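Residue numbers (the working numbering): 32 to 325.
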C-alpha cells in the first residue's frame, strides 16, 4: 500500500493573500508553481475582492485563533512528507508571523532539505504599507528561518536599516540580512532605461537586467518569488535560476502591457512560465567579500 507521503515529494506550501480578481499573492504563486509541476497547499492570510491598488475594498482577515488552528492542523498533516518547499508572502496581521514560523520549523524538523522562501511583503518606495508590527514580525521571526528571501530594494533597506544608494550597498545589506540566498528586486540598473534583479550569496553576485516596461506591476514580486523557488527546487544552477526567473516575469509583464491589461495575464502566457524566450542581460558583479569578479 502506498503511504500518504509517497504520492508526491515536490509539493509547496504557499502562505499569502488571496484576491477574487487578479493575479497577485496566492493567485499568482499557485498558478506559476502548478504550471511548473508542483502541487500547492495554498494558505490565505487575507481575502480581498481585488488588489488595493485598484481601489478601496473590504478585506477578510482570519481571526488570530482561526489562523493558528489552521496552521496547527497543517503541522500534524499526514502528508508533510510531500512538502519540498514553503513560500510566505503578504501577512494579514502581525500574529500570523509566529504561526508561519512554527509551521516552517515543524516541516524542516521532518525534512531539513525543505527550502523556505520568505518574500517580505511590507512596502515600496512610498514606505511601509503594512503595520510596523507586521513588518517587525516578518523581520524578526521569518527572515532568520529563511533559506531564500526576495525583498525589493526598499524592503531590504527597511529590514536592515541601511541606505542603499547603489548595488554595492545592496550587496552588503543582503549579506547581513540573514538568508544565505537573497534575490533583491528593483536593484539599481546598469542599463539605461532598465531595471534589475540582484542575486547575492556568500560568494556570488549576479545582476539580471531588462528594459523597463510600463504596464501592470501588481503581483510581480509574488510571481518572481514562486518562479525562483520552483527553479531552485528543480536543481538548476543559480545563474540559470536567475536568468529564467527574470526572463519569465519580464515576458509576461511585457505581453500583458501590450494587451492593455490592468493585471498580469498568466493564463494567457503560461508558456512564458516554463519556456521564456525574452532576452535578459546577465552580469557578474564584484562580490564584497572578494574584491574580484565573483
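Heads up, the beta-carbon is just placed ideally off N, CA and C, and yes, glycines get one too. Computed from a prediction, not measured in an experiment: that's the story for all the values here.
Nearest-angstrom Cβ-Cβ length linking residue i and residue j, presumed shorter than 8 Å
i, j, result
"residue 231", "residue 205", "4 Å"
"residue 123", "residue 93", "7 Å"
"residue 148", "residue 256", "6 Å"
Local Cβ density within 10 Å of residue i, reported as buried at 16 or more and exposed below that
i, result
"residue 194", "exposed"
"residue 121", "buried"
"residue 150", "buried"
"residue 49", "buried"
"residue 170", "buried"
"residue 132", "buried"
"residue 233", "exposed"
"residue 291", "exposed"
"residue 245", "exposed"
"residue 306", "exposed"
"residue 294", "buried"
"residue 75", "buried"
"residue 182", "buried"
"residue 253", "buried"
"residue 103", "exposed"
"residue 180", "buried"
"residue 141", "exposed"
"residue 143", "exposed"
"residue 47", "buried"
"residue 282", "buried"
"residue 40", "exposed"
"residue 33", "In this prediction, residue 33 scores a pLDDT of 43, lower than 50, which makes its location untrustworthy; the coordinate-derived value is nonetheless stated afterwards. Exposed is the call here."
Sub-7 Å separation of residue i and residue j beta-carbons
i, j, result
"residue 236", "residue 316", "yes"
"residue 301", "residue 274", "no"
"residue 242", "residue 225", "yes"
"residue 258", "residue 279", "yes"
"residue 106", "residue 137", "yes"
"residue 178", "residue 146", "yes"
"residue 51", "residue 61", "no"
"residue 172", "residue 128", "yes"
"residue 161", "residue 167", "no"
"residue 99", "residue 130", "yes"
"residue 304", "residue 66", "yes"
Residue i - partner residues in DSSP beta bridges
i, result
"residue 49", "78"
"residue 240", "227, 312"
"residue 119", "46, 149"
"residue 180", "149, 213"
"residue 155", "158"
Closest residue to residue i among the options (Cα-Cα distance)
i, options, result
"residue 134", "295, 279, 41, 45", "45"
"residue 73", "97, 223, 146, 42", "42"
"residue 371", "209, 179, 199, 196", "Because residue 371 is not part of the residues shown, which for the chain are 32 to 325, the question remains open."
"residue 289", "247, 140, 181", "247"
"residue 63", "310, 79, 154, 299", "299"
"residue 213", "220, 201, 219", "201"
"residue 118", "263, 110, 88, 90", "263"
"residue 91", "217, 184, 79", "79"
"residue 56", "129, 250, 229, 66", "250"
"residue 158", "198, 215, 184, 66", "184"
"residue 116", "261, 277, 155, 269", "261"
"residue 97", "82, 296, 77, 110", "77"
"residue 59", "320, 296, 313, 312", "296"
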